[in-house]
Structures are given as C-alpha cells and as structure tokens.
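Enquirer:
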Amino acid sequence: MDQEKAAADTFILIPGRTSRQGCGISQGKFTAEYQEETSRVQMAPADMERLGLEAGMRVRLRSSAGEAEAVVIPAKDGELPPGVLFVPYGDLSSRLMDSDTHGSGMPTSKGFEVRLERCE
36 MDQEKAAADT
46 FILIPGRTSR
56 QGCGISQGKF
66 TAEYQEETSR
76 VQMAPADMER
86 LGLEAGMRVR
96 LRSSAGEAEA
106 VVIPAKDGEL
116 PPGVLFVPYG
126 DLSSRLMDSD
136 THGSGMPTSK
146 GFEVRLERCE
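The opening position of the sequence shown corresponds to residue 36 in this note's numbering, with each subsequent residue numbered one higher.
Written out as structure tokens, the structure reads:
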C-alpha cells in the first residue's frame, strides 16, 4: 500500500448524539466518561483496514472550518458505509463545523467533507 495514499483520505462526516452520550449528560459534560465518548470517531471496519488503522489509534480530521484529533473506533458491522465517519456532538464536532448558518441560525452539522490522517 502506498504510504502517502494511506496517510490521508476524504470522508463524509455525520455528527450526532450517541445513546451513551445522552445518558452521560445528566452526570455532566466534564466527566471522564462523557469526554471519552465525545472524543472518538467511528469508522467502517473496511476503511480502517484499508488505511491500516486499529482501534484506539489517534487520527486528525480536517474540514474547511478547522481540525481536531480523535481516537478511532470501528463501527459495528453494517452501521456505517465505507466513506462515512460518525462523531458525537461536542468539542470535536464543533471544531469541524463551519460557523455559517446560511440564515437559519444553525450551522450545517451533517454530511460535510473531512480529510482523515493518522497522527504520528
């Protein structure tokens, strides 16, 4: 596998809430469990294999709005198609969302492009 090709790829990012995150809100957003939940990116196992990534490795996500680092974890089989990433709403997703609300009061928070690369 070409190392440069494996180093970065473009994906579609879908931020949202996880059930674990929703339950953790009542305990506080600054608890270790909540911070752990919101600092991970889920990826299709096929994409992880293609890029030589293993669960727990750190990756950098870059969008037109910013960048953030996250720990990669595999999505359950069939949960995410190849080429799509999921991150829980939180600091990580906020760093990647553009602030333009297009007059709606809400920034585009789903389905935008990010580049993913392994942190060395």
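Glycine residues also receive a C-beta, built at the ideal position from the N, C-alpha and C atoms.
Using 10 angstroms around the beta-carbon of F65, count the other beta-carbons present and answer buried if the total reaches 16, otherwise exposed.
Expert: exposed
Enquirer: Under DSSP, the alpha helix (DSSP H) around M83 begins and ends at which residues?
Expert: Where M83 is concerned, the enclosing alpha helix (DSSP H) stretches over 80-86.
Enquirer: Starting from G51, follow its DSSP beta bridges and name the residues at the other end.
Expert: P123
Enquirer: Compute the Euclidean distance between the alpha carbons of L48 and F147, then round it to the nearest angstrom.
Expert: 5 Å
Enquirer: Among the residues of its own chain, which have a CB less than 6 Å from the CB of V122, if the five just before and after it don't count?
Expert: P50, V76, S128
Enquirer: Three-state secondary structure (DSSP) at E104?
Expert: strand
Enquirer: Between the beta-carbon of L173 and the beta-carbon of R150, is there less than 8 Å?
Expert: Past the edges of the chain, shown from 36 to 155, lies residue 173, and the structure says nothing about it.
Enquirer: I need the DSSP call for L151, collapsed to helix, strand or coil.
Expert: Under the three-state reduction of DSSP, L151 is assigned to strand.
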